[in-house]
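Colleague:
Numbering (our numbering), first residue to last: 133 to 319.
#1: Give the range of the beta strand (DSSP E) segment to which residue 293 is assigned.
#2: Name the DSSP bridge partner or partners of residue 208?
#3: Buried or exposed: which applies to residue 221, given that a residue is buried once 16 or more other Cβ atoms fall within 10 Å of its Cβ?
#4: Taking buried to mean at least 16 other C-beta atoms within 10 Å of its own C-beta, is residue 157 buried or exposed?
#5: Is residue 275 helix, strand or coil by DSSP?
#6: May I ask which residues mark the beginning and end of the alpha helix (DSSP H) holding residue 239?
#7: Identify, in the order they occur along the chain, each residue of the same chain with its Cβ nearer than 8 Å to the Cβ of residue 282, setting aside the five sequence neighbours on each side.
#8: Mind the definition here: the region 202 to 210 touches the region 247 to 263 only if three or more C-beta pairs lie below 8 Å; say whether that holds.
#9: Sorted by chain position, which residues of the same chain lie with C-beta nearer than 7 Å to residue 265's C-beta, five sequence neighbours on each side aside?
#10: Secondary structure at residue 228, three-state DSSP: helix, strand or coil?
#11: List the whole-angstrom C-beta distance separating residue 199 from residue 226, where the pair is believed to meet the contact cut-off of C-beta under 8 Å.
#12: With distances taken Cα to Cα, identify the nearest neighbour of residue 144 among 314, 307, 182 and 315.
#13: By DSSP, does residue 259 sit in helix, in strand, or in coil?
#14: Can you tell me where the beta strand (DSSP E) holding residue 248 begins and where it ends?
#15: Identify which residue in 262, 148, 180 and 137 has its Cα closest to the Cα of residue 163.
#16: Buried or exposed: which applies to residue 299, given that a residue is buried once 16 or more other Cβ atoms fall within 10 Å of its Cβ?
#17: Going by C-alpha distance, which of 309, 259 and 301 is nearest residue 292?
If you want it as structure tokens, here you go:
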């Protein structure tokens with residue numbers, strides 16, 4: 133199963149456009165998670181106590197664990213996350229807080245080293261930015277570190293189109309180059 137995590141909010145999202153191009157090259161069922169449609173729980177003390185008690189009991193039947201279970205069973209993950217206000221969308225961070233579950237997406241061994249429990253072998257992070265930020269693709273570095281250290285997803289790929297709204301830029305040409313890069317990934 134391909135898990136498509138959509139952190140885009142605009143109908144005509146350029147990031148989603150690139151992610152859909154990437155998904156066209158993949159075969160298999162796609163499950164889409166629209167982060168703007170999720171009402172994430174408030175992470176307060178009561179929530180953490182309930183969550184910790186369930187984890188300690190090994191009881192993952194509460195719906196709060198559904199996103200983590202879905203992430204753990206995915207074969208491939210595609211994240212579409214535009215670069216906003218010098219960062220990635222806050223909903224993506226909220227999503228990550230929901231999927232980081234000891235016993236579902238990772239566990240700890242005897243030496244307190246994380247042991248991955250996720251099935252995915254590849255993750256694609258698709259992003260766009262109005263200005264030049266490629267060297268600071270903060271969301272990708274964050275997700276890449278989690279994949280490597282906790283989820284066991286060894287192959288991560290960044291697909292990026294930047295400078296879309298700079299004076300004199302040709303956004304359509306920039307997006308076309310990014311789409312050509314996607315096509316080359318799967319050639």
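In this text, a Cβ means the ideal position worked out from N, Cα and C, and glycines have one as well.
Modeller: Per the coordinate set shown:
#1: 287 to 293
#2: 134 and 254
#3: buried
#4: exposed
#5: helix
#6: Looking at the DSSP string, residue 239 is not in any alpha helix (DSSP H); the run it does join, the beta strand (DSSP E), is 238 to 240.
#7: 232, 237, 238, 246 and 248
#8: yes
#9: 215 and 294
#10: helix
#11: About 10 Å; that fails the 8 Å criterion.
#12: 307
#13: strand
#14: 246 to 248
#15: 137
#16: exposed
#17: 259
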